[in-house]
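*Asks:* Here you go, one structure.
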Amino acid sequence: MRFLPLFAAIFAITPLAVDMYLPALVQIADDFQAPIQTLQNSISIFLAGYALGMFLFGPMADRFGRRPLLLMGLTGFVSCSVLLAMTQSAETFLVLRFFQAFFGGAATVVIPGAIRMIFGKDTAKGLSYVSMIMMVAPMLAPAIGGYLLLLDTWPLIFKVIAGYAGFILVVASIFFPNLEVQQQTPTQTINFIGRYKIVLGEAACRPLLMVTMMTSVVFFTYITSVSFLYIQVFGFNEQTFSWLFAANVIGMMGASFINTRIVPSWGSKKILRRVAPIGGCAALSVMLSMFSHAAPGLIIASIILMIATLMIISANADALILQQFGQHAGTATAVIGTLRFGCGALAGPLLALVFDPQGYSIGIIYVTCLAFIVIGIWRSQRVS
16 MRFLPLFAAI FAITPLAVDM YLPALVQIAD DFQAPIQTLQ NSISIFLAGY
66 ALGMFLFGPM ADRFGRRPLL LMGLTGFVSC SVLLAMTQSA ETFLVLRFFQ
116 AFFGGAATVV IPGAIRMIFG KDTAKGLSYV SMIMMVAPML APAIGGYLLL
166 LDTWPLIFKV IAGYAGFILV VASIFFPNLE VQQQTPTQTI NFIGRYKIVL
216 GEAACRPLLM VTMMTSVVFF TYITSVSFLY IQVFGFNEQT FSWLFAANVI
266 GMMGASFINT RIVPSWGSKK ILRRVAPIGG CAALSVMLSM FSHAAPGLII
316 ASIILMIATL MIISANADAL ILQQFGQHAG TATAVIGTLR FGCGALAGPL
366 LALVFDPQGY SIGIIYVTCL AFIVIGIWRS QRVS
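Below you can see the structure in the form of structure tokens.
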């Protein structure tokens with residue numbers, strides 16, 4: 016338990032890097048004299064870099080150990096954050112965002128495997144505790160970014176991100192546990208394809224990986240569209256939006272806490288069976304309420320419930336996957352992360368493709384993804 020705050024603080028570098036600079040996008044675009052759409056693409060570029068980082072560094076964590084990879088990733092993340100504060104062109108900004116995320120993937124890919132090694136059969140409980148603690152980051156990040164803009168211009172945001180990651184680097188170098196890895200000869204190379212085949216070849220894991228992918232599409236569809244939905248469609252001002260966004264984060268934290276309480280007695284499989292239909296009904300409520308022009312309060316409450324259930328589903332699906340593997344936990348984490356953030360990077364283009372000014376397409380995406388989640392959970396329990 017004593018390592019969980021550190022694990023959560025490491026995990027939090029990603030939501031901080033994603034959310035803290037959002038209030039500054041217009042200012043950054045103006046400084047670079049670039050279209051705002053170019054800077055908005057930095058979110059998808061960040062997610063793509065993060066997915067690639069997890070893809071490459073997951074097997075390396077199994078080979079070289081989690082601590083060295085963590086320290087290397089944090090060092091690269093800090094360096095890119097400092098350079099981002101000094102960049103003077105949109106093109107350089109996008110490239111650095113990619114590599115910032117790439118090194119962030121190296122740092123965070125070690126955490127689920129470390130939790131699995133420490134918690135064993137209670138992995139879902141450990142993941143939920145970490146998720147609950149690190150949810151403070153996305154709740155506060157936009158407000159922190161907005162406050163920093165009042166103090167100075169946008170480079171200050173990336174200086175603060177660099178300072179936070181640098182502090183975590185120092186703390187991790189002292190306190191991150193040394194976890195055993197499989198001993199290999201110095202000349203032995205990493206068989207990336209072979210390691211991934213081990214994970215993807217596990218029949219019981221494939222439906223759960225689909226669950227992970229669909230939860231990511233829903234979550235990043237929410238992140239990408241929530242300001243448009245609440246401000247432009249529902250007509251709330253920016254201050255009200257901030258409170259509503261925080262309410263959703265509190266709902267996610269509450270769901271993670273509930274999961275830590277019930278997973279020891281229920282087990283992850285039972286929780287998935289019970290929670291998935293609730294999430295599906297919440298998504299259906301969002302879609303039907305939007306098509307019937309119901310009160311915004313009902314739609315927002317349904318979204319909060321849906322996202323909260325996804326937190327429980329995601330933690331337990333990840334735990335069931337990780338429990339299938341021992342020495343390949345890093346690779347399993349990389350597969351989960353690559354699929355999750357790779358699919359998350361598609362949320363923005365998907366919304367642009369099916370955009371409608373009333374936001375109906377958002378509800379349709381929610382319902383479609385939740386249907387696949389329910390099917391994936393059903394198939395996984397039949398296979399196992």
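Everything in the sequence shown is counted per the working numbering, starting at 16 for the first residue and increasing by one. Virtual Cβ for every residue (Gly too), placed ideally from N, Cα, C.
Got a sec, what are the start and stop residues for the alpha helix (DSSP H) residue 371 sits in?
*Replies:* Here residue 371 is taken as the residue at index 356 of the sequence shown, counted from 1. No alpha helix (DSSP H) contains residue 371, which DSSP labels as neither H nor E.
*Asks:* So, helix, strand or coil for residue 197, using DSSP?
*Replies:* Position 182 of the sequence shown, counted from the first residue, corresponds to residue 197. Note that residue 197 scores a pLDDT of 48, beneath 50, so its modelled location is shaky and nothing firm can be said.
*Asks:* With a threshold of 16 other CB atoms inside 10 Å of the CB of residue 188, please say whether the residue is buried or exposed.
*Replies:* On the sequence shown, position 173 is the one that residue 188 refers to. It is exposed - the Cβ of residue 188 has fewer than 16 other Cβ atoms within 10 Å.
*Asks:* Hey, could you find the ends of the alpha helix (DSSP H) residue 384 is sitting in?
*Replies:* Here residue 384 is taken as the residue at index 369 of the sequence shown, counted from 1. Counting along the chain, the alpha helix (DSSP H) containing residue 384 begins and ends at 375-398.
*Asks:* So the alpha helix (DSSP H) residue 115 belongs to, where does it begin and stop?
*Replies:* Residue numbering aside, residue 115 sits at position 100 when the sequence shown is read from its first letter. Element bounds for residue 115: 105-123.
*Asks:* Whose C-alpha, out of 324, 312 and 34, is nearest the C-alpha of residue 400?
*Replies:* With the chain running from 16 to 399 in the structure shown, residue 400 is simply not present.
*Asks:* Cα separation between residue 380 and residue 301?
*Replies:* For the purposes of this step, residue 380 is taken as the residue at position 365 of the sequence shown. For the purposes of this step, residue 301 is taken as the residue at position 286 of the sequence shown. Roughly 11 Å separates the two Cα atoms.
*Asks:* Using 8 Å for Cβ pairs, my map puts residue 173 next to residue 100. What's the rounded Cβ distance?
*Replies:* Within the sequence shown, numbered from 1, the residue matching residue 173 stands at position 158. Within the sequence shown, numbered from 1, the residue matching residue 100 stands at position 85. Right, the Cβ-Cβ distance comes to about 4 Å (below 8 Å), so this counts as a contact.
*Asks:* Have a look at residue 212 and residue 85 and give me their C-alpha separation to the nearest angstrom.
*Replies:* By 1-based counting over the sequence shown, the position of residue 212 is 197. By 1-based counting over the sequence shown, the position of residue 85 is 70. Approximately 24 Å between the Cα atoms of the pair.
*Asks:* Have a look at residue 227 and residue 351 and give me their C-alpha separation to the nearest angstrom.
*Replies:* Here residue 227 is taken as the residue at index 212 of the sequence shown, counted from 1. Here residue 351 is taken as the residue at index 336 of the sequence shown, counted from 1. Computed Cα separation, rounded: 7 Å.
*Asks:* Quick check on DSSP: helix, strand or coil for residue 204?
*Replies:* In the sequence shown, the residue the question calls residue 204 occupies position 189. Here residue 204 scores only 49 on pLDDT, less than 50, and its place in the model should not be relied on; the value that follows carries that caveat. Of the three classes helix, strand and coil, the one that applies to residue 204 here is coil, per DSSP.
*Asks:* Please report how far the alpha carbon of residue 179 lies from the alpha carbon of residue 145, in whole angstroms.
*Replies:* Taking the sequence shown and counting its residues from 1, one reaches residue 179 at position 164. Taking the sequence shown and counting its residues from 1, one reaches residue 145 at position 130. The straight-line gap from Cα to Cα measures roughly 18 Å.
*Asks:* Between which residues of its own chain and residue 374 is the CB-CB distance below 8 Å, once the five residues before and five after are set aside?
*Replies:* By 1-based counting over the sequence shown, the position of residue 374 is 359. Excluding sequence neighbours, residue 374 sits near 240, 243, 244, 248 and 305.
*Asks:* DSSP on residue 101, reduced to helix/strand/coil?
*Replies:* To locate residue 101, count along the sequence shown from 1; it is residue 86. Three-state result, residue 101: coil.
*Asks:* Rounded to the nearest angstrom, what separates residue 231 and residue 48 at their Cα positions?
*Replies:* Along the sequence shown, one-based indexing puts residue 231 at 216. Along the sequence shown, one-based indexing puts residue 48 at 33. Rounded to whole angstroms, residue 231 to residue 48 spans 32 Å at the Cα level.
*Asks:* Which residue from 377, 368, 290 and 33 puts its Cα closest to that of residue 176?
*Replies:* Walking along the sequence shown from the start, residue 176 turns up at place 161. The residue with the shortest Cα to Cα distance from residue 176 is 33.
*Asks:* Alpha carbon to alpha carbon, what distance is there between residue 251 and residue 131?
*Replies:* Against the sequence shown, residue 131 aligns to sequence position 116. Against the sequence shown, residue 251 aligns to sequence position 236. Distance between the alpha carbons of residue 131 and residue 251 is about 42 Å.
*Asks:* Just to confirm, are residue 152 and residue 27 a CB contact at a threshold of 8 Å?
*Replies:* Position 137 of the sequence shown holds residue 152. Position 12 of the sequence shown holds residue 27. Result yes, Cβ atoms of residue 152 and residue 27 sit closer than 8 Å.
*Asks:* Reducing DSSP to helix, strand and coil, say where residue 42 ends up.
*Replies:* Numbered from its first residue, the sequence shown carries residue 42 at position 27. Reduced to three states, the DSSP call for residue 42 is helix.
*Asks:* Secondary structure at residue 258, three-state DSSP: helix, strand or coil?
*Replies:* Indexing the sequence shown from 1 puts residue 258 at position 243. Residue 258 falls in the helix class under three-state DSSP.
*Asks:* Mapping the DSSP letters down to three states, classify residue 361 as helix, strand or coil.
*Replies:* Within the sequence shown, the letter at position 346 stands for residue 361. If DSSP states are grouped into helix, strand and coil, residue 361 belongs with coil.
*Asks:* Are the Cβ atoms of residue 139 and residue 278 separated by less than 8 Å?
*Replies:* Locating residue 139 in the sequence shown gives position 124, counting from the first residue. Locating residue 278 in the sequence shown gives position 263, counting from the first residue. Against a cut-off of 8 Å, the Cβ pair of residue 278 and residue 139 comes out as a contact.
*Asks:* Using the three-state DSSP reduction, which class does residue 326 fall into: helix, strand or coil?
*Replies:* Against the sequence shown, residue 326 aligns to sequence position 311. Correct three-state label for residue 326: helix.
*Asks:* Applying the criterion that 16 or more other CB atoms from any shown protein chain within 10 Å of the CB defines a buried residue, is residue 255 buried or exposed?
*Replies:* As a working note, residue 255 is residue 240 in the sequence shown. Result: exposed.
*Asks:* Nearest to residue 216 by CA position, among 336, 171, 120 and 112, is which residue?
*Replies:* Numbered from 1 along the sequence shown, position 201 holds the residue referred to as residue 216. Among 336, 171, 120 and 112, the Cα nearest to that of residue 216 belongs to 336.
*Asks:* Thinking just about the alpha-carbon of each residue, which of 106, 273, 321 and 127 is nearest to the one in residue 388?
*Replies:* As a working mapping, residue 388 is identified with position 373 in the sequence shown. The candidate whose alpha carbon is nearest that of residue 388 is 321.
*Asks:* Who are the near neighbours of residue 200 in its chain, counting only those whose CB is closer than 8 Å to its CB and skipping five residues on each side?
*Replies:* Along the sequence shown, one-based indexing puts residue 200 at 185. In this prediction, residue 200 has a pLDDT of 43, which is less than 50 and means its spatial position is unreliable; what the coordinates show is noted afterwards. Within the same chain, residue 200 has no close Cβ partners at all.
*Asks:* When you compare only the Cα positions, how much space is there between residue 272 and residue 141?
*Replies:* Position 257 of the sequence shown holds residue 272. Position 126 of the sequence shown holds residue 141. In a straight line, the C-alpha of residue 272 is about 11 Å away from that of residue 141.
*Asks:* CB-CB under 7 Å to residue 89, same chain, minus the five flanking residues each way: which ones, in chain order?
*Replies:* By 1-based counting over the sequence shown, the position of residue 89 is 74. Once the five neighbours on either side are set aside, the close Cβ partners of residue 89 are 122, 180, 183, 184 and 187.
*Asks:* What residue range does the alpha helix (DSSP H) around residue 240 cover?
*Replies:* By 1-based counting over the sequence shown, the position of residue 240 is 225. Its alpha helix (DSSP H) spans residues 221-242.
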